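Undergrad: Right, I'll just put the structure down here and ask away after.
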Amino acid sequence: MAVALSGCTQQLSVENADIPSWKATALPTTGTAVAEGAGKILDAQPVSNIVPVPEGDYTLVLACDGGGKAFLTARVEERELIDFGAACNGARENIRLHIPQSGPVEFAASSVDAPLLYAYQLLPRT
82 MAVALSGCTQ QLSVENADIP SWKATALPTT GTAVAEGAGK ILDAQPVSNI VPVPEGDYTL
142 VLACDGGGKA FLTARVEERE LIDFGAACNG ARENIRLHIP QSGPVEFAAS SVDAPLLYAY
202 QLLPRT
């Protein structure tokens, strides 16, 4: 006996995902991003990068896909500036962020719900 399931969506294959294509639809580039990143979280280890950022007020936008929840932290030296999360269902979350001094900022993406895809942008607030 065959059973047909309607309304089911195909599960995203994180391991084989084309990050640039996914990011282009999940978090389109605005052209004004001061910092951005995207990638795969395949296990419980955080994925981080360090970007030079001018002092100022920003909006940090996070998108993820693959199920569960992703978290993004921003640190200047040893000081954590923000730690927030987004549900990994294709929705975008954003939060206001103040960078107190110009210099390197470490952005670290993590999740206990790996594997998943993530993308973020740091946009100047006007």
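Our numbering applies: residue 82 is where the sequence shown begins, and numbers increase by one. Glycine included, each C-beta is placed from N, C-alpha and C at the ideal position. Just so it is clear, the structure is predicted and the values come from calculations on it, not from any experiment.
1) Quick check: the Cα distance between E59 and A200, rounded to an integer number of angstroms?
2) Where DSSP assigns a beta bridge to D164, which residues make up the other side?
3) Going straight from the alpha carbon of A172 to that of V142, what length do you get?
4) Measure how close the beta-carbons of L178 and E117 come, nearest whole angstrom, since I'm counting them as under 8 Å.
5) Tell me the residue span of the alpha helix (DSSP H) that contains A200.
6) Would DSSP call P101 helix, strand or coil?
7) Does the separation of the CB atoms of A189 and T154 fall below 7 Å?
8) Under DSSP, the beta strand (DSSP E) around V115 begins and ends at which residues?
TA: In brief:
1) Since the first residue shown for the chain is 82 and the last is 207, residue 59 is missing from the structure and cannot be characterised.
2) T154
3) 10 Å
4) About 14 Å separates the two Cβ atoms, so there is no contact after all.
5) It is not in any alpha helix (DSSP H) - A200 instead sits in the beta strand (DSSP E) that spans L197 to P205.
6) helix
7) yes
8) Per DSSP, V115 belongs to no beta strand (DSSP E) and is neither H nor E.
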